[in-house]
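Participant: Protein chains in written order, with the working numbering: chain A, 1 to 116; chain B, 1001 to 1114.
C-beta atoms are modelled at their ideal positions from N, C-alpha and C, and glycine is treated no differently.
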Amino acid sequence: GAVVSQHPSWVICKSGTSVKIECRSLDFQATTMFWYRQFPKQSLMLMATSNEGSKATYEQGVEKDKFLINHASLTLSTLTVTSAHPEDSSFYICSARLGQGPEKLFFGSGTQLSVL
Amino acid sequence: AQSVSQHNHHVILSEAASLELGCNYSYGGTVNLFWYVQYPGQHLQLLLKYFSGDPLVKGIKGFEAEFIKSKFSFNLRKPSVQWSDTAEYFCAVTPNTGGFKTIFGAGTRLFVKA
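(1) Give me, in chain order, the residues of the same chain whose beta-carbon lies closer than 6 Å to that of Glu22 (chain A); leave out the 5 immediate sequence neighbours on both sides.
(2) Would you identify the three-state DSSP class for Glu63 (chain A), choosing helix, strand or coil?
(3) Would you call the CB atoms of Leu1021 (chain B) and Thr1108 (chain B) closer than 9 Å?
(4) Please list, in chain order, the chain B residues whose beta carbon lies closer than 9 Å to that of Lys41 (chain A).
(5) Can you tell me which of the three DSSP states Lys14 (chain A) falls into?
(6) Along the segment 81 to 115 of chain A, what residues have a CB closer than 9 Å to any CB found in chain B?
(7) Name the chain A residues that come within less than 9 Å of Val1037 (chain B), Cβ to Cβ?
(8) Should Lys1101 (chain B) be flagged as near chain A, meaning a C-beta pair shorter than 9 Å?
(9) Residues of chain B with a CB under 7 Å from the CB of Thr17 (chain A): which are they?
(10) Using CA atoms only, rank isn't needed, just tell me which of B:Phe1104, B:Val1112, B:Asp1054, B:Lys1113 is closest to Lys41 (chain A).
(11) Ser109 (chain A) by DSSP, collapsed to three states: which one?
(12) Is any beta-carbon of chain B found at less than 9 Å from that of Thr75 (chain A)?
(13) So is Ser1018 (chain B) buried or exposed if we call it buried at 16+ other beta carbons inside 10 Å?
(14) Hey, how far is the Cα of His71 (chain A) from the Cα of Lys64 (chain A)?
(15) Exposed or buried, Gln960 (chain B), counting other C-beta atoms within 10 Å across all chains shown (16 or more means buried)?
(16) Which bits of chain A does Val1004 (chain B) rub up against, with CB to CB less than 8 Å?
(17) Where do the N-terminal and C-terminal ends of the beta strand (DSSP E) with Phe28 (chain A) fall, by residue?
(18) Report yes or no: is there a C-beta of chain A within less than 9 Å of the C-beta of Leu1076 (chain B)?
As structure tokens, then:
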């Protein structure tokens, strides 16, 4: 099956620093990738849709200047949490879509971010 | 706003017990429905899906789900669980409006006692 690699799997950083999370589709090209965030006992919340070669589309309430998304190639999307604060601590997960349909969604293993 | 509600955060069962995990969604239009599973230490993976046709769909590992349109529900079932079914299960909905943005429930953690 298609594989999506997400790195790092966990990261601890100081408040005010920036953290970059990578999402790679290893054996397929993904024109669309998605970034989600999950708080304990809550849903996976869609943050943004990342389209290769164009600006990401952010969901309502997500600060685009804080969560920078870059989808520079068909196999790589990055999420940068800028000037991280403790309230940004969360589980971030990416997914990549194979093809155009809604069903072929493959997930990374997630990144646990802890901001001190 | 569209949402997906899963009824239980945690479920504990003994092996061979029957399983039913509830899922309800709020969206008035046509939807695609999914159940994903995440085994400990692994990625989320698709368990089964419903697009159209027979509302009772069968997935991998003996799981099935039934779409009841009038109840906006898509409950997951398995007649006899095994210890290896211990995992977190996510119900998800993709409104058929283009863009195919998937909305997830909060997940249900299932622990099966051997």
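Facilitator: Concretely, from the data shown:
(1) What you label residue 22 (chain A) is simply residue 22 of the first sequence in a count that begins at 1. Cβ neighbours of Glu22 (chain A) beyond the five flanking positions: His7, Thr78.
(2) For the purposes of this step, residue 63 (chain A) is taken as the residue at position 63 of the first sequence. If DSSP states are grouped into helix, strand and coil, Glu63 (chain A) belongs with coil.
(3) Taking the second sequence and counting its residues from 1, one reaches residue 1021 (chain B) at position 21. Taking the second sequence and counting its residues from 1, one reaches residue 1108 (chain B) at position 108. With contacts defined as CB atoms closer than 9 Å, Leu1021 (chain B) and Thr1108 (chain B) qualify as a contacting pair.
(4) Within the first sequence, residue 41 (chain A) is the residue found at index 41, counting from 1. Within chain B, the residues whose beta carbon sits less than 9 Å from that of Lys41 (chain A) are His1009, Ala1106, Gly1107, listed in sequence order.
(5) Counting from 1 along the first sequence, the entry for residue 14 (chain A) is found at position 14. Coil.
(6) Sequence-ordered contacts of the segment 81 to 115 of chain A with chain B read Ile93, Ser95, Arg97, Gln100, Gly101, Pro102, Glu103, Lys104, Leu105, Phe106, Phe107, Gly108, Ser109, Gly110 [C-beta pairs closer than 9 Å].
(7) The residue given as residue 1037 (chain B) occupies position 37 in the second sequence. Against Val1037 (chain B), chain A offers no close residue; the least beta-carbon distance is about 11 Å (beta-carbon pairs closer than 9 Å).
(8) Numbered from its first residue, the second sequence carries residue 1101 (chain B) at position 101. Taking Cβ atoms only, chain A reaches closer than 9 Å to Lys1101 (chain B), which makes this a yes.
(9) Taking the first residue of the first sequence as position 1, residue 17 (chain A) is located at position 17. None at all; the shortest Cβ gap to chain B is about 28 Å.
(10) In the first sequence, residue 41 (chain A) corresponds to position 41, counting from 1. Among B:Phe1104, B:Val1112, B:Asp1054, B:Lys1113, the Cα nearest to that of Lys41 (chain A) is on B:Phe1104.
(11) In the first sequence, the residue the question calls residue 109 (chain A) occupies position 109. Under the three-state reduction of DSSP, Ser109 (chain A) is assigned to coil, being neither helix nor strand.
(12) The residue you call residue 75 (chain A) lines up with position 75 of the first sequence. For Thr75 (chain A), the answer is no, since every Cβ of chain B falls outside 9 Å of its Cβ.
(13) Locating residue 1018 (chain B) in the second sequence gives position 18, where the first residue counts as 1. Ser1018 (chain B) should be labelled exposed.
(14) Here residue 71 (chain A) corresponds to residue number 71 of the first sequence, with the count starting at 1. Here residue 64 (chain A) corresponds to residue number 64 of the first sequence, with the count starting at 1. Cα-Cα distance, rounded: 14 Å.
(15) Chain B is shown from 1001 up to 1114; residue 960 (chain B) falls before or after that span and cannot be answered.
(16) In the second sequence, counting from the first residue as 1, residue 1004 (chain B) sits at position 4. Residues of chain A whose Cβ lies closer than 8 Å to the Cβ of Val1004 (chain B) are, in chain order, Ser43.
(17) To locate residue 28 (chain A), count along the first sequence from 1; it is residue 28. Taken as a continuous stretch (DSSP letters only), Phe28 (chain A) belongs to no beta strand (DSSP E), as it is neither H nor E.
(18) Looking up residue 1076 (chain B) in the second sequence gives position 76. Output row for Leu1076 (chain B): interface = no.
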